[in-house]
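Accompanying notes for the structure given below.
Number of protein chains: 2
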Amino acid sequence: MTPLTNFKSAAAEKRIHQSYFKIALSVDCVIFGYAEKELQVLVIKSDLKEFAGQWSLLGDLVRPEENIDEASYRVLEERTGLKNVYLEQVQAFGECKRHPSGRVVTIAYYSLIDISNHKLQLNDNDLSWRPIRSLRKMAFDHRQILDTCLQRLREQVFEKPLLFNLLPAKFALRNLQELYESVLGEVLDRRNFRKKIAVKDWLRETGELERSVLHRPGRLYTRQAGSKR
Amino acid sequence: MTPLTNFKSAAAEKRIHQSYFKIALSVDCVIFGYAEKELQVLVIKSDLKEFAGQWSLLGDLVRPEENIDEASYRVLEERTGLKNVYLEQVQAFGECKRHPSGRVVTIAYYSLIDISNHKLQLNDNDLSWRPIRSLRKMAFDHRQILDTCLQRLREQVFEKPLLFNLLPAKFALRNLQELYESVLGEVLDRRNFRKKIAVKDWLRETGELERSVLHRPGRLYTRQAGSKR
DNA sequence: GGTCTAATGTGTATTAAGTACATATTTTCA
DNA sequence: TGAAAATATGTACTTAATACACATTAGACC
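Protein chains in written order, with my numbering: chain D, 116 to 344; chain U, 116 to 344.
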């Protein structure tokens, strides 16, 4: 029987509430970006003394009257100003001792945004884009959360047109391939990559060409209007 | 900034704790079984008046000093007596109004057990195996949780040797195929199915044959010792 | 304007995986 | 001994994944 039922008395009910309704819930967002041919994550300097100097993911406590998905959208919007962004729940992390301030269970989400498209106040709050490679140690269990989300992302990149969210509206196929390569951590064959993307109907040619490149310019593509995220 | 840092005073810290550390956390386990050629789920009659007569998943509140994974193993063991069972977290469900007694966020897990292998007290507590098909309406958001877990299971049955957990130690290939068919909800070609399973090295022949069948008996197989769940 | 550079754009042959499909064999039962 | 019912098995076809090479184009420089 769950402790939430069959109370013997009102006093018993109150006692149960006091002993169980004292966990805090947070959401943590792994916000991926792409710059300098590397996958980046938006992180913030931890302001807990236990993790002084370490980077942490962007997160916040879930408010008492807030759905968890709403909380994740709120965190994202507060930090990046962006609405209607792809956000996906990955899983919960619930080790007792993961947060020094008490029992805080967190729900991890990941999101993908175009760094150049939003103007966040990077001077503010030590908020910063960091290449994943450089984030060896992070506050809390955030490195584990990041790994789990990255793994989920890797599983999905050929299933759903997710990575376009990391690029500007118009991009060359080479840019897309480099992005896939840095997400997957492996090099891909150009012809096979183009074939694989081509059959998915995720792309539309713009008719334009790259500019200011020191070589033959590639065609610019944009995401196919109907392609669902 | 998260509300857990930069307190202006001890009083402020206490206030924050009081307003945020009041969510309860539960785990809900979708425990799959297999009987009468149908996929079954272990459910219990809801004892909340709001859901009188409806079935609910097996769950419990997470204790203050308990990891969430530990909680799910505890629920499973309390209900089935089984230890060391495959259990996988799927995701959190956190709608504000999902539980009538207060804000209870739940983490969903799924598990697979061999019904014939455990002797649970089915008379006890209206605990019962029900075919999934028959569970049209369930208490809370448990039908949604069940659907989500079933979908995850379907994605994994050819990736990991999960379904063997639902069968007795020795089984014929036909039993395995019927199980796959009822999980996936589609019929499979026998020759192609055997080929697909054969390449995975999940099975070992026992050298024995089926008994007491009204036709040519099939060979009995058992799970390959090294095959990871 | 000719040449160099660097990357674009493209096709085919091979292998692996998935799908469709039919017949001989073995055991039990009557 | 024959009928019933399910086992065991192989091949042709299609689709997806992989490996791999060469002609083309725009810019930069002289």
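Yeah, the Cβ is synthetic: ideal placement off N, Cα and C, and Gly gets one too.
According to the DSSP secondary-structure assignment, I138(D) is paired through a beta bridge with I138(U). For the segment 207-234 of chain U, the set of positions with a beta-carbon nearer than 7 angstroms to some beta-carbon of chain D reads A207, G209, E210, C211, S216, G217, R218, V220, I222 in chain order. Per DSSP, the beta bridge partners of S243(U) are V158(U).
Taking 8 angstroms as the Cβ-Cβ cut-off, the segment 274-302 of chain D has no residue approaching chain U.
Neighbourhood of L140(D) in chain U, by CB distance below 9 angstroms: Y135, I138, L140, A207, G209, R218, V220, in chain order.
Scanning the segment 149-205 of chain U from its first residue to its last, the whole alpha helix (DSSP H) runs of 4-plus residues come out as 183-195. The shortest C-alpha to C-alpha distance from I247(D) to any of R326(D), W170(D), C211(D), D175(D) is the one to W170(D). Across the set Y149(U), F255(U), L335(U), the C-alpha of Y149(U) shows the shortest separation from the C-alpha of N232(U). Rounded to the nearest whole angstrom, the CA to CA distance from D184(D) to S141(D) is 11 angstroms. Neighbours of E180(D) across chain U, judged by C-beta separation under 8 angstroms: C211. The Cβ of Q271(U) sits no closer than 8 angstroms to any Cβ of chain D.
A Cβ of chain U is located within less than 8 angstroms of the beta carbon of I183(D). Between the alpha carbons of E181(D) and E210(U) lies a distance of about 8 angstroms. Between V272(U) and Y295(U) a beta carbon distance of about 7 angstroms is seen, short of the 8 angstroms cut, so the two are scored as contacting. For Y336(D), the beta-bridge partners assigned by DSSP are F286(D), E320(D). The beta-carbon separation of E153(U) and S297(U), rounded to 6 angstroms, stays under the 8 angstroms limit for a contact.
Judged by beta-carbon spacing, A223(D) lies within the 8 angstroms limit of I260(D), meaning their Cβ atoms are closer than that value. Rounded to whole angstroms, the Cβ separation of Y225(U) and E193(U) is 17 angstroms, and the two are not in contact under 8 angstroms.
Between G322(U) and A287(U), the gap from beta carbon to beta carbon reaches 8 angstroms or more.
Interface annotation for the segment 194-205 of chain U against chain D: Q204, V205, criterion Cβ-Cβ distance under 9 angstroms.
Per DSSP, reduced to three states, the secondary structure at V219(D) is strand. The segment 251-268 of chain D makes contact with the segment 155-169 of chain D: 3 or more CB pairs, one atom from each, lie closer than 8 angstroms.
In the structure shown, L227(U) falls within a strand segment according to DSSP collapsed to helix, strand and coil. Sequence-distant Cβ neighbours of V200(U) in its own chain, meaning closer than 7 angstroms and more than five residues away, are L191, S226, I228. Looking at the DSSP output, D143(U) shares a beta bridge with G174(U), A223(U).
With fewer than 16 other Cβ atoms from the protein chains shown falling within 10 Å of its own Cβ, P179(U) counts as exposed.
In this structure, Q292(U) and D316(U) do not form a Cβ contact; the two beta carbons are roughly 18 angstroms apart against a cut-off of 8 angstroms. Using a Cβ distance threshold of 8 angstroms, N290(D) and L299(D) do not count as a contacting pair. In the three-state DSSP reduction, F273(D) falls in the coil class, being neither helix nor strand.
R189(D) is the residue among G168(D), F166(D), R189(D) whose C-alpha sits nearest the C-alpha of D175(D). Sorting E270(U), S327(U), Y336(U), R331(U) by C-alpha distance to the C-alpha of E320(U) places Y336(U) at the top. Classified as exposed, L329(U) has fewer than 16 neighbouring CB atoms from the shown chains inside 10 Å of its CB. Of the candidates S216(D), F208(D), D304(D), R306(D), the residue whose Cα lies closest to the Cα of D262(D) is F208(D).
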